[in-house]
Amino acid sequence: MRGMSVKTRRVLLAKPRGYCAGVDRAVQTVEIALELYGAPVYVRKQIVHNSHVVASLEARGAIFVEEAEEVPEGAVVVFSAHGVAPQVREDARKRGLHAIDATCPLVTKVHNEARRFAARGYDILLIGHEGHEEVVGTTGEAPEHIHLVDGPEESATTQVRDPAKVAWLSQTTLSVDETQQTVAALRERFPLLIDPPSDDICYATQNRQAAVKAIAGEAELVLVVGSRNSSNSVRLVEVALDGGADAAYLVDDASAPP
Numbered sequence: 007m008r009g010m011s012v013k014t015r016r017v018l019l020a021k022p023r024g025y026c027a028g029v030d031r032a033v034q035t036v037e038i039a040l041e042l043y044g045a046p047v048y049v050r051k052q053i054v055h056n057s058h059v060v061a062s063l064e065a066r067g068a069i070f071v072e073e074a075e076e077v078p079e080g081a082v083v084v085f086s087a088h089g090v091a092p093q094v095r096e097d098a099r100k101r102g103l104h105a106i107d108a109t110c111p112l113v114t115k116v117h118n119e120a121r122r123f124a125a126r127g128y129d130i131l132l133i134g135h136e137g138h139e140e141v142v143g144t145t146g147e148a149p150e151h152i153h154l155v156d157g158p159e160e161s162a163t164t165q166v167r168d169p170a171k172v173a174w175l176s177q178t179t180l181s182v183d184e185t186q187q188t189v190a191a192l193r194e195r196f197p198l199l200i201d202p203p204s205d206d207i208c209y210a211t212q213n214r215q216a217a218v219k220a221i222a223g224e225a226e227l228v229l230v231v232g233s234r235n236s237s238n239s240v241r242l243v244e245v246a247l248d249g250g251a252d253a254a255y256l257v258d259d260a261s262a263p264p
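Residue numbering for the sequence shown follows the working numbering, starting at 7 and increasing by one per position.
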């Protein structure tokens, strides 16, 4: 080996990285509920889309359920960071549940925007992924007014009642670039399309995508540590590949196969 050159390798760490404030807030909500009320505390859906966080809270006495009807009457239930439709809150009230809302404030902002646009008679084009909990919750705020648009290609088939009264909103965890492409495609069909009062994609999502984009062109491999049902984590892999990384993978932890 003497005399042979050794290739220098660098490990680049994106900055910022890690959980956003909304995730921290939601996890702390469950932890505080366990301290105040004792186990079990029920959580509707995964509090956040991260398998390690969920397993840690389960070990402390949290029980994760799909719907409020699975929670015993009178028990404590926490709504996840992704938000819920008004009907979910009403169902919990009817069952006498002690409901604690851990919805991310930025998701709540989108819910408020949906209600305001609907009250003014607008059709709302919600850019997001079908079946995602956040999309389901937002749609529940104004189901007769909201139309889901899952990517630029769906803009061609979207139908509204009045092209002069159309607004768009988005899921908070989308790719910034793809969302902009979708909005541009929608605006070609609906020139009077109204923007939300402020950007719906959360600032932490945007900052982390920008950080990955900044290092992707210098990286042979980008590893995103997160769970596969996390929209944020999946988007970061896409951003890395679009940004020039030779390869990018989503892994839950160091035990992931090479």
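Ideal Cβ positions, reconstructed from N, Cα and C, are used throughout, including at glycine.
| Item | Value |
| --- | --- |
| Endpoints, the alpha helix (DSSP H) within which Ala222 is located | 209-222 |
| Proximity to Val54 [Cα-Cα], best of Arg66, Tyr209, Val77, Ala27 | Ala27 |
| For Ile130 and Leu103, the rounded distance between their alpha carbons | 32 Å |
| Those residues which DSSP pairs with Ile106 across a bridge | Val84 |
| Beta-carbon contacts of Phe196 that lie in its chain and below 6 Å, excluding the five residues immediately before and after | Pro169, Val172 |
| Endpoints, beta strand (DSSP E) assigned at Thr153 | The amino acid at residue 153 is misidentified as Thr; the sequence shows His. Per DSSP, His153 belongs to the beta strand (DSSP E) from 152-155. |
| Ile207 to Ser176 span [Cα, whole Å] | 7 Å |
| Environment of Leu4 [buried if 16+ CB atoms lie within 10 Å] | This structure gives no information on residue 4, because the portion of the chain shown stretches from 7 to 264. |
| Proximal residues to Ala254 (C-beta, below 6 Å), its chain only, five neighbours per side dropped | Val228, Val243, Ala246, Leu247 |
| Length of the line joining the Cα atoms of Arg122 and Val49 | 29 Å |
| Bridge partner(s) assigned by DSSP for Asp168 | Paired residues: none, contrary to the question. |
| Element boundaries [beta strand (DSSP E), containing Ser25] | Position check: residue 25 holds Tyr in this sequence, whereas Ser was assumed. Here Tyr25 belongs to no beta strand (DSSP E), and DSSP marks it neither H nor E. |
| Option nearest Ser161 by Cα separation, candidates Glu147, Ala81, Val189 | Val189 |
| Separation of Thr14 from Glu139, as counted between CA atoms | 44 Å |
| Nearest neighbour of Asn235, chosen from His88, Val36, Glu79, Arg214 [CA to CA] | His88 |
| Terminal residues of the beta strand (DSSP E) in which Phe70 lies | 68-71 |
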